[in-house]
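Student: Got a structure for you, written out below as structure tokens; questions coming shortly.
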Amino acid sequence: MLNSGDTAWMLISTALVILMTVPGVAMFYSGLTKRENVLNTIFLSFVSLGIVSLLWFLFGYGLIFGGDVSGIIGSHQVGISLINLGSASKYAPTIPEGLFAIFQMTFAAITVALISGAVVERIKFSSWILFIPLWFALVYVPVAHWVWGGGFLQNLGVHDFAGGIVVHITSGIAALALALVTGPRYDQKLMPHHLGYSVIGTGLLWFGWFGFNAGSALSAGSLAANAMIVTNTSAAAGMIGWILMDRLKTGKPTLLGALSGAVAGLASITPAAGFVDIGASIVTGLVAAVICYLAVSWLKPAAGYDDALDVFGIHGVSGIIGTLGVGLFAVPALNPSLTSGGLLTGSTSLLVSQLIGVVTVTVYTFVVTYILAMLLMKFKGLRVEREEEIQGLDINLHEETGYRLT
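Residue numbering for the sequence shown follows the working numbering, starting at 5 and increasing by one per position.
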């Protein structure tokens with residue numbers, strides 16, 4: 005039976021998640037790039053929202069949530085034909101199906117936008133336009149079905165409350181694969197031209213994340229309240245954890261580090277927000293900050309890949325940490341969908357399921373994205389010309405500039 009309170013909350017949550025993509029991710033990313041690339045960086049996120057919004061209702065929704073074929077993919081190819089705006093969703097019986105559909109669409113859009121951070125300042129805009137629908141169809145759609153739409157991982161007992169696997173692991177691993185194929189920038193220094201933009205972007209992400217996580221309760225109740233509390237707590241713990249790591253390594257806290265830690269805390273609690281308590285969220289945020297810090301400051305230079313804005317190092321790594329954290333800290337009393345608790349309650353089955361989910365999605369996402377990127381590299385090219393990269397993409401690709409000094 006439809007509930008007006010739940011419907012109102014989900015309308016708000018949907019708008020909040022759209023806010024996370026544009027302007028949230030767009031401003032967070034653009035502030036970290038050189039000023040010659042600020043508009044191009046924003047454009048990569050903006051166009052991702054537009055393209056995925058169309059693809060979602062053409063076929064994405066149906067192939068994810070429309071029935072099931074052997075645990076691999078949904079049984080309906082045209083999603084828009086499934087939606088009866090006046091009827092309740094089988095996944096959320098107190099809200100209209102159309103509302104459930106567009107709420108889920110926002111997750112797909114932000115996932116694609118996140119990937120762009122790995123290849124900013126060097127990817128062809130036309131190649132990005134081709135990458136979006138191919139990656140959405142070949143990676144996001146099947147993975148989302150496996151985890152959320154009645155696929156084989158969901159049937160194996162894998163739990164992902166709000167997108168640790170579906171959003172953060174897929175975007176982080178895809179970012180790594182795409183960065184490896186695209187190759188490093190000629191100037192790999194991270195030179196944020198306007199950290200103020202990134203502060204605003206992070207604030208919008210933090211604010212919107214309440215719709216992301218608490219909205220994933222799909223109702224306005226105690227589960228949403230718990231998700232909101234642990235989301236905020238993990239973000240705070242992540243921020244403090246990264247500041248401490250900065251202090252230990254360099255002797256000076258940095259604003260960029262505080263922003264990175266907050267995002268790591270937010271991403272890491274995402275898969276666990278509906279399954280863990282406040283204490284676990286603090287631990288999750290702190291652990292994510294420490295491990296992501298090491299991934300960014302040690303692993304990336306040691307391995308030699310150029311993930312420009314650390315999409316893998318923060319989102320990918322945090323998604324893995326949070327997903328495994330469900331297997332450690334889950335409390336059955338918080339969520340009736342849990343048949344067993346985490347390792348700390350004496351059960352190992354959930355942790356095993358979570359590990360299977362992480363490995364399966366990581367391998368699949370990397371292999372498919374790598375092959376897709378190689379094909380685009382061969383037939384279309386991924387990189388702009390050297391001169392265009394050095395001069396900046398705003399003026400060369402769009403004939404626009406973010407700043408006019410007179």
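Even glycine gets a Cβ: it sits at the ideal position worked out from N, Cα and C. Just so it is clear, the structure is predicted and the values come from calculations on it, not from any experiment.
1) Distance check for Ser238 and Gly283, CA to CA, integer angstroms please.
2) On a CA-only basis, which of Gly71, Glu391, Phe216, Lys304 is nearest Pro275? Give me that one, please.
3) On the DSSP letters alone, give me the boundaries of the alpha helix (DSSP H) that Gln158 sits inside.
4) Can you name the start and end residues of the alpha helix (DSSP H) that Ser301 belongs to?
5) Quick check: does the Cβ of Gly406 come within less than 6 Å of any heavy atom belonging to the ligand FAD?
6) Should Asn159 be labelled buried (16 or more other beta-carbon atoms within 10 Å of its own) or exposed?
7) Our contact map puts Ala30 next to Ser49 with C-beta atoms below 8 Å; I'd like the distance itself, whole angstroms only.
8) With a 10 Å radius around its C-beta and 16 neighbouring C-beta atoms as the bar for buried, classify Gln108 as buried or exposed.
9) Given that a residue counts as buried once 16 or more other Cβ atoms are within 10 Å of its Cβ, and exposed if not, what is Glu391?
10) Is the CB-CB distance between Ala334 and Gly346 below 7 Å?
11) Distance check for Gln395 and Gln358, CA to CA, integer angstroms please.
12) With a threshold of 16 other CB atoms inside 10 Å of the CB of Lys94, please say whether the residue is buried or exposed.
13) Would you kindly check if the distance between the Cβ of Val365 and the Cβ of Val147 is under 7 Å?
14) Shortest alpha-carbon distance to Val63 belongs to which of Arg408, Ser120, Pro137, Gly176?
15) What residue range is occupied by the uninterrupted alpha helix (DSSP H) comprising Trp132?
16) Counting only the same chain and skipping the five closest in sequence on each side, list residues whose C-beta sits under 6 Å from that of Ala411.
17) Go to Ala239, then tell me how far its alpha helix (DSSP H) extends in each direction, as first and last residue.
18) Can you list, in chain order, the residues of its chain whose CB lies under 6 Å from that of Ile46, leaving out five sequence neighbours each side?
19) Out of His319, Gly154, Pro100, His163, which one is the CA nearest neighbour of Ile76?
20) Leaving out the 5 sequence neighbours to the left and right, which residues in its chain are closer than 7 Å to Val145 when beta-carbon positions are compared?
21) Would you kindly check if the distance between the Cβ of Phe104 and the Cβ of Gly167 is under 7 Å?
22) Closest to Leu380 by C-alpha separation, out of Leu182, Leu20, Gly71, would be which residue?
23) In the DSSP assignment, find the unbroken alpha helix (DSSP H) run with Asn41 in it and report its ends.
Tutor: Straight from the coordinates:
1) C-alpha separation (whole angstroms): 9 Å.
2) Out of Gly71, Glu391, Phe216, Lys304, the CA that lies nearest to the CA of Pro275 is found in Phe216.
3) Segment 156–159, the alpha helix (DSSP H) holding Gln158.
4) Where Ser301 is concerned, there is no enclosing alpha helix (DSSP H), given that its DSSP letter is neither H nor E.
5) Among the components of this structure there are no ligands whatsoever, and the ligand FAD is therefore not found.
6) If you draw a 10 Å sphere on the C-beta of Asn159, you find fewer than 16 other C-beta atoms in it, and that means exposed.
7) That pair is a contact at about 4 Å.
8) Taking a 10 Å sphere around the C-beta of Gln108, we find 16 or more other C-beta atoms and assign the residue as buried.
9) Looking at its Cβ environment, which holds fewer than 16 other Cβ atoms inside 10 Å, Glu391 is exposed.
10) Yes; because the gap between Cβ atoms is below 7 Å, this pair is in contact.
11) When rounded, the distance between both Cα atoms is 45 Å.
12) Exposure of Lys94 is indicated by the presence of fewer than 16 other C-beta atoms within 10 angstroms of its C-beta.
13) Closer than 7 Å, so yes.
14) Before going further, note that residue 63 is Phe rather than Val in the sequence given. Of Arg408, Ser120, Pro137, Gly176, the residue nearest in Cα terms is Pro137.
15) Per DSSP, the continuous alpha helix (DSSP H) segment holding Trp132 begins and ends at 129–139.
16) Beyond the ends of the chain as shown, which are 5 and 410, falls residue 411; an answer cannot be given.
17) It spans 226–254 - the alpha helix (DSSP H) in which Ala239 sits, taken as one unbroken run.
18) Result list for Ile46: Ala30, Ser34, in chain order.
19) Checking every option, the nearest Cα to that of Ile76 belongs to Gly154.
20) Shown here for Val145: same chain residues with a beta carbon closer than 7 Å to its own, the five before and five after excluded, namely Gly64, Leu67, Ile68 in chain order.
21) The Cβ-Cβ distance between Gly167 and Phe104 does not fall below 7 Å.
22) Among Leu182, Leu20, Gly71, the Cα nearest to that of Leu380 is on Leu182.
23) Following the DSSP letters along the chain, one finds Asn41 in no alpha helix (DSSP H), marked with neither H nor E.
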